[in-house]
Each structure stands twice: as structure tokens, then as C-alpha cells.
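Chemist: Mind having a look at this structure? Questions to follow.
There are 2 protein chains.
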Amino acid sequence: MISVKNKIYDRKQISVLSTKKIYSGEVSIRVDRFRLNNKTIEKEIVEHPPSIGLIPVIDGTCILFVTQYRHAAGRTMLEIPAGKIEKGESPKQAALREMREEIGYTGKLSPILQWYLAPGYDTELMYVFVATDLQKINKKQNLDDDENIKVKRMKLTTAIKKCVSGEIKDCKTIAALLAYERIKSR
Amino acid sequence: MISVKNKIYDRKQISVLSTKKIYSGEVSIRVDRFRLNNKTIEKEIVEHPPSIGLIPVIDGTCILFVTQYRHAAGRTMLEIPAGKIEKGESPKQAALREMREEIGYTGKLSPILQWYLAPGYDTELMYVFVATDLQKINKKQNLDDDENIKVKRMKLTTAIKKCVSGEIKDCKTIAALLAYERIKSR
Chain A
1 MISVKNKIYD RKQISVLSTK KIYSGEVSIR VDRFRLNNKT IEKEIVEHPP
51 SIGLIPVIDG TCILFVTQYR HAAGRTMLEI PAGKIEKGES PKQAALREMR
101 EEIGYTGKLS PILQWYLAPG YDTELMYVFV ATDLQKINKK QNLDDDENIK
151 VKRMKLTTAI KKCVSGEIKD CKTIAALLAY ERIKSR
Chain B
187 MISVKNKIYD RKQISVLSTK KIYSGEVSIR VDRFRLNNKT IEKEIVEHPP
237 SIGLIPVIDG TCILFVTQYR HAAGRTMLEI PAGKIEKGES PKQAALREMR
287 EEIGYTGKLS PILQWYLAPG YDTELMYVFV ATDLQKINKK QNLDDDENIK
337 VKRMKLTTAI KKCVSGEIKD CKTIAALLAY ERIKSR
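Line order of the protein sequences matches chains A and B. Under my numbering, think of the first position of the first sequence as 1, with each following residue one higher. Under my numbering, think of the first position of the second sequence as 187, with each following residue one higher.
See below:
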């Protein structure tokens with residue numbers, strides 16, 4: 001909630017006139033009509049559950065990443081581990097589960113930031129954690145159908161170079177690494 | 187395109203078995219069935235046009251931001267100016283138009299990075315520009331219906347503090363400011 005020239009907007013003060021679900025699935029879409037500044041606005045909203053993103057720090061100076069084929073982007077990408085929060089899970093529980101499933105580790109989690117990925121049309125809010133004191137779990141990866149994940153270890157300094165050179169093309173990964181690099185040196 | 191243990195994946199090598207449009211609008215949704223690693227995967231893909239994000243630098247040390255109510259997030263947010271690339275526009279043309287419409291300036295654009303906002307399910311690719319040599323245009327803002335934009339000027343150093351303190355909650359804004367801060371000092 002941010003004050004904008006003495007006006008405070010939040011969901012409660014927006015008068016939603018109608019809401020219509022267009023499609024329900026893993027990702028859903030609805031059309032809302034609402035009043036804002038005496039105008040009626042109709043807008044498509046992509047509904048995505050909240051999610052978690054992880055910065056798993058190993059041996060002090062390295063990060064564990066995943067590479068996977070991303071069909072929406074049509075390419076294989078290097079990203080921090082991330083995933084949806086399932087029903088009934090807390091962000092921390094989801095982060096521990098994703099860490100176990102995607103990279104086969106457990107560890108100590110510290111929340112650092114929360115952010116929206118595309119707040120212009122998408123409800124997804126991501127909770128970002130740093131994971132330290134990592135311990136390997138001898139358990140087979142338990143992946144979703146469309147996950148084709150390889151774990152990749154990289155020095156933080158190398159990864160940060162790839163963020164600013166354009167080699168890493170995932171916004172959450174760039175935001176997470178650059179923010180973590182500043183936060184850890186405070 | 188990234189090599190993953192000697193396998194190269196790109197869209198051409200993924201065999202799409204079927205694609206079904208579920209909804210068409212400003213944002214669309216389709217369901218694709220495709221083969222990957224000898225498994226058949228069905229996945230919902232949110233289709234969003236490519237977009238631009240802008241870092242407008244004024245007086246050397248300040249950035250121009252926008253604040254606006256974001257219905258998908260249910261809150262007013264501080265963000266860098268951004269917007270869709272319209273049909274027929276280049277990324278640079280879109281960036282110039284958005285800069286004129288959202289903040290009322292023109293300037294010199296330098297591309298810095300490109301990133302996906304949510305590559306797990308969303309096609310949106312954002313082209314990020316730094317804008318310098320800003321000149322005010324005496325033209326009324328020409329905003330979309332759901333834009334309720336206030337322009338806000340802030341020192342880059344102040345904005346970066348807000349990125350790592352959690353006050354700024356928009357992933358592209360955090361990635362853009364932290365990347366720009368590194369790129370400009372190279």
C-alpha cells in the first residue's frame with residue numbers, strides 16, 4: 001500500500017463491479033470490471049498461485065542453479081530453483097520441498113524479499129529465500145512432468161557477470177542474485 | 187540456446203503434437219502438447235506480447251519511476267516505466283512511445299538486457315533500455331484506460347536501497363536498477 005498524492009489505493013477501496021472466470025487450470029484467467037478514478041475498467045487477470053524462489057549457497061561462494069527447457073520461452077534456461085506454493089503450504093514449506101525435489105538438498109532458509117513477476121496482469125507473488133548450511137539428501141528427484149532439470153553449480157561472481165552480460169535471461173534470477181550480493185555484504 | 191550435457195534443446199527440436207487456443211485477448215492462453223525426453227507433456231502457456239522496460243536517467247543521478255494501481259497485485263506499486271510492444275513496432279519504437287505516453291519525455295535509448303518475466307508459463311520477453319539526454323515533451327499523457335500513473339523522480343541510490351529493503355516489490359524494477367548500477371560503472 002503506497003500513498004500517491006494523499007490517495008491510498010488498495011483492493012478494498014477499488015470497487016469491483018463484476019468478475020468472470022474465463023479459464024481454470026494450473027494457470028487461470030478472469031476478467032474483472034472495476035471502478036478507478038471514476039472510470040470503469042475491464043481487465044484480464046492471469047491467476048497464478050504464489051511461488052518461491054531460492055538462492056542455495058554452497059561452500060560460501062557458489063550457488064546451485066537449474067537448467068531446464070522452458071516451452072513458453074522456447075529455450076533452455078539457467079535459473080535459480082523456484083516453484084509454486086501448493087495448497088496448505090507456507091512459503092517456507094514450499095521452499096524446502098522445491099529444494100528437495102529440484103536439487104536434492106535441504107538447508108537453513110532465510111527470507112530476503114518478495115516480489116511480483118508481472119503485476120500489470122499476473123497475480124503471482126514470489127517469496128525469495130537464501131538457503132545455507134546445505135545438506136545433500138540421497139533421494140531421487142521427484143519432478144513434475146514438464147521438469148527436465150539439471151543442477152548446475154556456479155560461483156556467485158561468475159553468475160553475476162552472466163546477469164549483466166545478458167547470458168542469463170531470467171528476470172527473477174537476475175533480481176535475486178544482484179539483490180543477494182548486496183544484502184550479504186551489509 | 188544453452189548446451190545441457192551435450193544436448194541442445196530449442197523450439198525446433200521439441201516436437202509439438204498439438205496446440206489449442208483457450209482464450210484470446212490482451213493476454214491469451216493456449217494448451218500445448220509436446221514431446222520432451224520421450225515423455226508427452228501438456229502445458230498451459232500464457233501468451234503475452236514482448237514488452238519494453240525503461241530506466242530513464244535524469245540529471246545523472248536520478249531515475250524517473252511511475253506509481254500506479256495494479257489490480258492483479260491489488261496494490262499501488264512503484265515501477266520503472268514499461269509496456270507492451272504493439273504490432274509493427276520495434277522494441278526501440280515501443281520504448282520511445284511508452285516514454286512519451288507514461289512520463290512525457292523523449293531521449294536517447296541504449297539497450298542493456300533482455301529477460302523473460304515468468305518463463306515457466308508466460309511468453310513475455312522484455313527488452314530493457316536505459317534512456318538518457320531526456321527532454322520534456324509538452325504533451326498530455328496519452329494513457330491506456332487502466333493506467334492511473336503518477337511520475338516519481340528518485341535518486342538511484344535511494345531506489346536501490348528500496349530494492350534491497352523490500353519496499354520495491356516489482357521484480358523487473360529490482361533487476362533493472364541493480365543491473366544498471368553495475369553496467370554504468372563498468
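The C-beta atom is built at its ideal place from N, Cα and C for all residues, glycine as well.
1. Measure from the alpha carbon of I335 of chain B to the alpha carbon of each residue in B:V252, B:I238, B:L222 and B:L240, then state which is nearest.
2. On the DSSP bridge assignment, give the partners of A268 of chain B in chain order.
3. Work out the CA separation of R33 of chain A and K20 of chain A for me, nearest whole Å.
4. Shortest alpha-carbon distance to K278 of chain B belongs to which of B:L295, B:G306, B:I266 and B:M263?
5. Can you tell me whether DSSP reads E102 of chain A as helix, strand or coil?
6. Does F315 of chain B get closer than 8 Å to chain A when you measure Cβ to Cβ?
7. List the whole-angstrom C-beta distance separating H48 of chain A from E124 of chain A, where the pair is believed to meet the contact cut-off of C-beta under 8 Å.
8. Quick check on DSSP: helix, strand or coil for A159 of chain A?
9. Between A179 of chain A and chain B, is any beta-carbon pair separated by less than 8 Å?
10. Output, in chain order, the set of chain B residues within a Cβ distance shorter than 7 Å of N37 of chain A.
11. On the three-state DSSP scale, how would you describe A94 of chain A?
12. Assign K388 of chain B to one of two classes, buried (16 or more other C-beta atoms within 10 Å of its C-beta) or exposed (fewer than that).
13. Are the region 101 to 120 of chain A and the region 157 to 170 of chain A touching by the rule of at least three beta carbon pairs closer than 8 Å?
14. Report yes or no: do three or more beta-carbon pairs, one from the region 91 to 105 of chain A and one from the region 167 to 177 of chain A, lie closer than 8 Å?
15. Could you check what DSSP says for F220 of chain B in three-state terms: helix, strand or coil?
16. Which residue marks the beginning of the beta strand (DSSP E) containing I360 of chain B, and which one marks its end?
17. Please classify S296 of chain B: does DSSP put it in a helix, a strand, or coil?
18. Are Y127 of chain A and P56 of chain A closer than 8 Å when you measure CB to CB?
19. For a test of the three-state rule: what should DSSP assign to V27 of chain A, helix, strand or coil?
20. Let me confirm a value: T262 of chain B is counted as buried when at least 16 other C-beta atoms fall within 10 Å, else exposed. Which label applies?
21. 8 Å is my cut-off, CB to CB: does T19 of chain A come that close to chain B?
22. Quick one: what's got a C-beta closer than 7 Å to I22 of chain A's C-beta in the same chain, skipping five residues either side?
23. Quick one: residues in its chain with C-beta nearer than 6 Å to the C-beta of S338 of chain B, no 5 flanking neighbours on either side, listed in chain order?
24. Among the residues of its own chain, which have a CB less than 6 Å from the CB of K84 of chain A, if the five just before and after it don't count?
25. Measuring straight from C-alpha to C-alpha, what distance separates K39 of chain A and G120 of chain A?
26. Nearest by alpha-carbon distance to A188 of chain A: which of B:S204, B:A268, B:E288 and B:D308 is it?
27. Compile a chain-ordered list of the residues in the region 158 to 174 of chain A whose CB is closer than 7 Å to at least one CB of chain B.
28. Does K43 of chain A come within less than 8 Å of chain B when only Cβ atoms are used?
29. Mind checking I323 of chain B: buried by the 16 CB within 10 Å criterion, or exposed?
30. Between V46 of chain A and chain B, is the shortest Cβ-Cβ distance under 8 Å, so that the two count as touching?
Modeler: With the given structure in hand:
1. Here residue 335 of chain B refers to the residue found at position 149 when the second sequence is read from its first residue. If we check each option's Cα against that of I335 of chain B, B:V252 comes out closest.
2. Residue mapping note: residue 268 of chain B aligns to position 82 of the second sequence, counting from 1. In DSSP, A268 of chain B forms a bridge with B:G239.
3. Start at 1 with the first residue of the first sequence, and residue 20 of chain A comes out as number 20. Start at 1 with the first residue of the first sequence, and residue 33 of chain A comes out as number 33. Approximately 9 Å between the Cα atoms of the pair.
4. Residue numbering aside, residue 278 of chain B sits at position 92 when the second sequence is read from its first letter. Cα-wise, what sits closest to K278 of chain B is B:L295.
5. For the purposes of this step, residue 102 of chain A is taken as the residue at position 102 of the first sequence. Residue state, collapsed to three classes: helix.
6. Along the second sequence, read from residue 1 onward, the residue named residue 315 of chain B stands at position 129. So no, F315 of chain B is outside the interface.
7. Walking along the first sequence from the start, residue 48 of chain A turns up at place 48. Walking along the first sequence from the start, residue 124 of chain A turns up at place 124. With 8 Å as the limit, H48 of chain A and E124 of chain A qualify as a contact, their Cβ atoms being about 4 Å apart.
8. Counted from its first residue, the first sequence places residue 159 of chain A at position 159. Here A159 of chain A carries a helix assignment [DSSP, helix/strand/coil].
9. Sequence index remark: in the first sequence, residue 179 of chain A carries index 179 (1-based). Yes, its Cβ sits closer than 8 Å to a Cβ of chain B.
10. Counting from one through the first sequence, the residue named residue 37 of chain A turns up at place 37. Going along chain B in sequence order, the residues near N37 of chain A (Cβ under 7 Å) are N334.
11. As a position in the first sequence, residue 94 of chain A is number 94, starting the count at 1. Three-state DSSP puts A94 of chain A in a helix.
12. What the structure shows of chain B is the stretch from 187 to 372, and residue 388 of chain B is not part of that stretch, so it cannot be assessed.
13. Here the region 101 to 120 of chain A does not lie against the region 157 to 170 of chain A, with fewer than 3 beta-carbon pairs under 8 Å apart.
14. In short, these stretches do not touch, since the Cβ pair count stays below three.
15. Reading the second sequence from its first residue, position 34 is the one you call residue 220 of chain B. Annotated three-state conformation of F220 of chain B is strand, per DSSP.
16. In the second sequence, residue 360 of chain B corresponds to position 174, counting from 1. From DSSP, I360 of chain B is part of no beta strand (DSSP E) but of the alpha helix (DSSP H) over C357 to K370.
17. For this step, residue 296 of chain B is matched to residue 110 along the second sequence. Three-state result, S296 of chain B: strand.
18. Sequence index remark: in the first sequence, residue 127 of chain A carries index 127 (1-based). Sequence index remark: in the first sequence, residue 56 of chain A carries index 56 (1-based). With contacts defined by Cβ atoms closer than 8 Å, Y127 of chain A and P56 of chain A do not form a contacting pair.
19. Stepping through the first sequence from its first residue, residue 27 of chain A is reached at position 27. Collapsing the DSSP output to three states places V27 of chain A in coil.
20. Stepping through the second sequence from its first residue, residue 262 of chain B is reached at position 76. Counting Cβ neighbours within 10 Å, T262 of chain B comes out buried, since at least 16 surround it.
21. Position 19 of the first sequence holds residue 19 of chain A. It does not: the Cβ of T19 of chain A has no partner Cβ on chain B nearer than 8 Å.
22. Against the first sequence, residue 22 of chain A aligns to sequence position 22. So the list reads I29, R30 and V31, once near-sequence residues are dropped.
23. For the purposes of this step, residue 338 of chain B is taken as residue 152 along the second sequence, with counting starting at 1. The residue asked about is misnamed: residue 338 of chain B is Lys in this sequence, not Ser. The beta carbon of K338 of chain B is closer than 6 Å to those of F251 and T253 in its chain, skipping five residues each way along the sequence.
24. Numbered from its first residue, the first sequence carries residue 84 of chain A at position 84. Cβ-Cβ distances below 6 Å link K84 of chain A to P49 and S51 in the same chain, with the five nearest sequence neighbours on each side left out; the list follows chain order.
25. In the first sequence, counting from the first residue as 1, residue 39 of chain A sits at position 39. In the first sequence, counting from the first residue as 1, residue 120 of chain A sits at position 120. Their Cα atoms are separated by approximately 18 Å.
26. No information on residue 188 of chain A is available, as it lies outside the stretch 1 to 186 that chain A covers here.
27. Under the 7 Å Cβ criterion, the region 158 to 174 of chain A contributes C163, V164, G166, K169, D170, C171, K172 and I174.
28. As a first step, residue 43 of chain A must be located in the first sequence, where it is residue number 43. At least one chain B Cβ lies under 8 Å of K43 of chain A.
29. Position 137 of the second sequence, counting from 1, holds the residue named residue 323 of chain B. By the neighbour-count rule (16 or more Cβ atoms within 10 Å), I323 of chain B is not buried but exposed.
30. Taking the first sequence and counting its residues from 1, the one referred to as residue 46 of chain A is at position 46. Yes, V46 of chain A lies at the interface with chain B (some Cβ there is under 8 Å from its Cβ).
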